[in-house]
Amino acid sequence: GFTEEDQAKLLRSFLSAGVDTTVHGIGNALQCLAENPEQFAVLRDDPSLARAAFEETVRYSSPVQTFFRTTSTDTEVSGVALPEGSKVLMFLAAANRDPRQWENPAAFDIRRKAAGHVGFGFGIHACLGQMLARLEGECFLTALARQVSRLELAGQPKQQLNNTLRGLDSLPLHLTAA
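For the sequence shown, position 5 matches number 40 in our numbering, and the numbering has no gaps at all.
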């Protein structure tokens with residue numbers, strides 16, 4: 036079990052770090068599916084692909100684009116010395132499009148096995164709420180696939196200006212009920 040103090044820290048983490056990123060992930064999924072109607076047709080035909088569609092969205096259109104870390108000891112990365120206390124900027128979104136890792140990385144494909152993306156961080160810095168975010172994304176996309184027969188852009192999406200997060204200020208859509 037968790038102490039009351041640990042429970043409070045976890046709750047604060049879910050409410051601060053987990054809201055915008057999950058909202059952006061779902062918004063990005065809507066945009067990806069609207070811009071790739073053949074992928075929405077695949078999801079509509081098989082709503083059990085909702086989890087895979089959300090994973091592919093996080094890989095393809097990472098809600099968290101970058102993250103800073105500080106080296107705790109002197110280290111080396113690819114032959115470059117990094118003294119203790121160095122600031123390191125990780126480009127998670129770029130890693131999720133790395134052609135050494137992903138075949139045809141610029142394509143949005145919900146049938147892709149997107150496991151291994153770093154959209155939720157990794158290692159000891161993995162997102163605490165990633166399973167909750169995945170569940171929310173899966174539930175939303177499952178309901179969408181079952182209740183909407185057609186998903187179309189109804190105007191130009193407007194990206195939110197943010198150095199770290201990728202999300203939308205607006206996404207005009209036209210949905211046709213199933």
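Note that CB positions come from ideal geometry on N, CA and C, so glycine has one too.
For residue i and residue j, which I take to be in contact (beta-carbon distance under 8 Å), what is that distance rounded to the nearest angstrom?
i, j, result
"L203", "G114", "No, L203 and G114 are not in contact; Cβ-Cβ is about 39 Å, not under 8 Å."
"V93", "H152", "6 Å"
"L124", "F103", "6 Å"
"S83", "G154", "Actually they do not touch by this definition, with Cβ atoms about 21 Å apart."
"E171", "A85", "11 Å between Cβ atoms; not a contact."
"G120", "T106", "6 Å"
"V54", "I145", "Not really, about 24 Å apart at Cβ, beyond 8 Å."
"A161", "S184", "Wrong, their Cβ atoms sit about 37 Å apart, outside the cutoff."
Once DSSP output is grouped into helix, strand and coil, what is the label at residue i?
i, result
"S48", "helix"
"S97", "coil"
"G151", "coil"
"Q194", "strand"
"T106", "coil"
"T199", "coil"
"T56", "helix"
"L186", "strand"
"L206", "coil"
"A168", "helix"
"A64", "helix"
"A161", "coil"
"T38", "coil"
"A69", "helix"
"A178", "helix"
"A212", "strand"
"R79", "helix"
"R86", "helix"
Within its chain, find whatever has a CB closer than 6 Å to the CB of residue i; leave out the 5 residues flanking it on each side and keep chain order.
i, result
"R132", "P140"
"N71", "F143"
"L163", "S48"
Please return the same chain residues whose Cβ sits closer than 7 Å to the Cβ of residue i, not counting the five positions on each side in sequence.
i, result
"K44", "none"
"A189", "P207, L208, H209"
"A64", "A88, F89, T92, G172, L176"
Across which residues does DSSP place residue i in a beta bridge pair?
i, result
"G156", "G154"
By Cβ distance, which residues of its chain are closer than 8 Å to residue i, with the 5 residues on each side in sequence left out?
i, result
"T199", "V99, Q100, T101, F102"
"Q136", "A130, G151"
Any chance the CB of residue i is under 7 Å from a heavy atom of the ligand GTP?
i, result
"A128", "In the structure shown, the ligand GTP is absent, as is every other ligand, since no ligand is present at all."
Legend entry - Runs of beta strand (DSSP E) lying entirely within the segment 112-142, each at least 3 residues, in chain order: 115-117, 122-126
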